[in-house]
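Chains as they are written, first to last, in our numbering: chain R, 1 to 372; chain W, 1001 to 1372.
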């Protein structure tokens, strides 16, 4: 889809991603300081993912706030393709989504695209992806979403409701358009060609259910944007608002380029043991340090390319601590091994708590699932 | 799809249809006398639609009988695209299907493709086609199908069950194939491209439910064959039998060419009054008679091109009566007006009874409908 150096599509992200170019090529808008201040008026404080430009781009976020200020609350929509266990990259988008739910007191509709994963993964069975949908839901629930305001569904199991609405989208969408948007060819399967219709449904399903037009805000990693470029074209034709979007950068792959993904490279799953986390970080996290300790002490490391540091921008919420780590690493007083240890401790502390909540989530799963 | 003179696709039938050429081009087999005798071994008598070659072609019917004789009963699958009221053309396929259910004591799965009709008819809403699905079901039920062995469903309302299975078909089916089979272009909508996956599901759904492989026999008008050429390719890849098919000629359009269709020409609906039937037959039924009564008495008419006579081959079950009508018309002793009166009386007698049963069907509709 993109020029030579990197690729960002819903099914493949690789290379060294130029986020400024993505803004330009996808036609999105940067999140400015002014927009952040406008958010802060309602949230009182700003999530570090905003101030750190981890959520860096958007579509129509000003309009969402206009409506909110008029008393027309939005709902949140995000999702997950359950082809594997959940990894830390997914968690970061959902943590921010949870913050939005808390601050704005809004509903979240969470789509598990088990249908998509079956259609796009040659060796995945329906039984496997459908089972993973409910396994992955535990990670969503563990983050503390409000059971009264959060609706999680498997596309396969919720098809009675979704298929009917997806037909309305599909009728307005030609093969030419999905071909141009996703780079499909004639040997794509017909399920893949239809699928984006299913992904569009939650943009307007709450409006169908409430029988009134409700604004939709979608927090997502920017690789999923293509689906919603299509949805934004079609929604007005069905009489609904275009969904607004807020885009996240990817949690970098441990090896240092592209996004972390279970299908390529090394992945830290939410169910990993402390030993596994330690081993993966020690072995694979790309280092911005020098060749020798002596050289590192003298010249300092480069946190801007160091994956452990990049990860801390996602997991260390305290700006002051992060600043100190940055300066210490740059000056050479903090060694790569020490930086990795900070990250390992941070992740393991988070995961210990997450895994405890994930176990508890099994007992309340049914409170979150919608099927009919 | 076909050469110049006629077209037979699931969405368009026109021109003067050469059924021998269809057998050749679709690659089906003629129903021979030997095959009829084999059927008769089980049914004791033969339905006039067989002896009159109204059901004239098949795929794998010998195999269905092989399995039946081994104790492996088949189920029947047919359906209806509910874009309008039911007309007499549809009734003829279902009457024969009812005969098959009675004689072989088998289940019927009846699909209402309200999703298809929404996707293919620009001005039809989901609400309209979905409502027509249940309206049309009354005509099916009025024919006397066994409520214990007959399962009627709307694709939209049964999507929870169907979508999951359709995904399995869709994963094995490329755009190239549907393009080649149906003549689709890049401006077809993505729902149309996906749809045949839904039409394939009932070929194996009873097998999924029973968790064993059950042969499927599909009675249909031959324009729907293309869907099942695809289904027959895919079923073995999913571990199921290829569905067998038995093909019907079309009830001719009153005007004399193509099939009767509510979208083109004059249509007799099952809910028409005796006066409407009389008026339509008198005004539109193409006549094989002569210019003047005198000439007709002298030279005789041509029943082979006379639509009223052709219709009687579908509605007059008594071979002896039909033979006399044929001979009298050919000799000139039966005039066109008299022939039309025979047809009008026959249809109105059938419709009076059908309309009565159709009213009663409203009370037992729920016994036939499956939704989950």
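Beta carbons: idealized from backbone N, C-alpha and C, even for Gly.
For the alpha helix (DSSP H) containing residue 1100 of chain W, list its first residue and its last residue. 1088-1104
Would you call the CB atoms of residue 413 of chain R and residue 153 of chain R closer than 8 Å? For residue 413 of chain R there is no data in the structure shown, the boundaries of chain R being 1 and 372.
Can you find a C-beta in chain W that's less than 8 Å from the C-beta of residue 160 of chain R? yes
Name the DSSP beta bridge partners of residue 1360 of chain W, please? DSSP output for residue 1360 of chain W lists no bridge partner at all.
Report the neighbours of residue 193 of chain R on chain W: residues whose CB is nearer than 8 Å to its CB, in chain order. 1175, 1190, 1193 and 1194
Simplified DSSP state of residue 1112 of chain W, which is helix, strand or coil: strand
Between residue 1207 of chain W and chain R, is the shortest Cβ-Cβ distance under 8 Å, so that the two count as touching? no
Can you confirm whether residue 1369 of chain W, when its beta carbon is compared against all beta carbons of chain R, has any partner nearer than 8 Å? no
Do residue 136 of chain R and residue 93 of chain R have their C-beta atoms within less than 8 Å of each other? no
Continuous beta strand (DSSP E) stretch holding residue 1056 of chain W: start and end: 1055-1059
Determine whether the Cβ of residue 1170 of chain W lies closer than 8 Å to any Cβ atom of chain R. yes
Nearest chain R C-beta to residue 1232 of chain W closer than 8 Å, yes or no? no
What is the C-beta distance between residue 1095 of chain W and residue 1043 of chain W, in whole angstroms, given that I count them as a contact (C-beta under 8 Å)? About 15 Å separates the two Cβ atoms, so there is no contact after all.
Using only CA atoms, which one of R:365, R:372, R:221 and R:22 lies nearest to residue 90 of chain R? R:221
Between the Cα of residue 257 of chain R and the Cα atoms of R:285, R:369, R:212 and R:216, which residue gives the shortest distance? R:285
Which first and last residues belong to the alpha helix (DSSP H) in which residue 282 of chain R is found? 274-284
At 8 Å on the CB atoms, spell out the chain W contacts of residue 376 of chain R, in chain order. Limits of chain R in this structure are 1 at one end and 372 at the other, which puts residue 376 of chain R out of reach.
Three or more C-beta pairs under 8 Å: does that hold for the region 1297-1308 of chain W against the region 1031-1038 of chain W? no
How big is the Cα-Cα spacing for residue 1229 of chain W and residue 1172 of chain W? 14 Å
When you check each C-beta in the region 53-84 of chain R against every C-beta of chain W, which residues fall closer than 8 Å? none
Got a sec: which bits of the region 1112-1127 of chain W sit with their beta carbon under 7 Å from any beta carbon on chain R, in order along the chain? 1115, 1118, 1119 and 1126
Helix, strand or coil: how does DSSP classify residue 1255 of chain W here? coil
Roughly how many angstroms lie between the CA atoms of residue 309 of chain R and residue 108 of chain R, to the nearest whole one? 31 Å
Where residue 3 of chain R falls, given that 16 or more other Cβ within 10 Å makes a residue buried: Its pLDDT being 49, under 50, residue 3 of chain R is placed unreliably in this model, and the coordinates cannot settle the point.
Kindly provide the ranges of any beta strand (DSSP E) runs that are 3 or more residues long and lie completely inside the region 196-244 of chain R, ordered along the chain. 216-221
Please work out which residues of its chain come closer than 6 Å, Cβ to Cβ, to residue 142 of chain R, disregarding the five sequence neighbours upstream and downstream, and give them in chain order. 354, 357, 358 and 361
If you draw a straight line from the alpha carbon of residue 1323 of chain W to that of residue 1334 of chain W, how long is it in whole angstroms? 12 Å
Thinking residue 244 of chain R and residue 59 of chain R are a contact (beta carbons under 8 Å), I'd like their distance in whole angstroms, please. 6 Å
Flag this pair as touching only if the region 1021-1030 of chain W and the region 176-194 of chain R have three or more C-beta atom pairs under 8 Å; answer yes or no. no
Alpha-carbon spacing of residue 1061 of chain W relative to residue 266 of chain R, whole angstroms: 55 Å
Under three-state DSSP, which class holds residue 143 of chain R? coil
Can you name, in chain order, every residue of its own chain whose Cβ lies under 6 Å from the Cβ of residue 367 of chain R, other than the five neighbours on each side? 147
As a quick exercise: from W:1190, W:1067 and W:1050, pick the residue whose alpha carbon is nearest that of residue 1216 of chain W. W:1067
Kindly say whether residue 1132 of chain W, judged by its beta-carbon, lies nearer than 8 Å to any beta-carbon of chain R. no
Name, please, each residue of chain W whose Cβ falls closer than 8 Å to the Cβ of residue 186 of chain R. 1174, 1175, 1176 and 1179
In chain W, which residues lie less than 9 Å from residue 263 of chain R when you measure between Cβ atoms? By Cβ distance, chain W contributes nothing, its closest Cβ being about 18 Å from residue 263 of chain R, past 9 Å.
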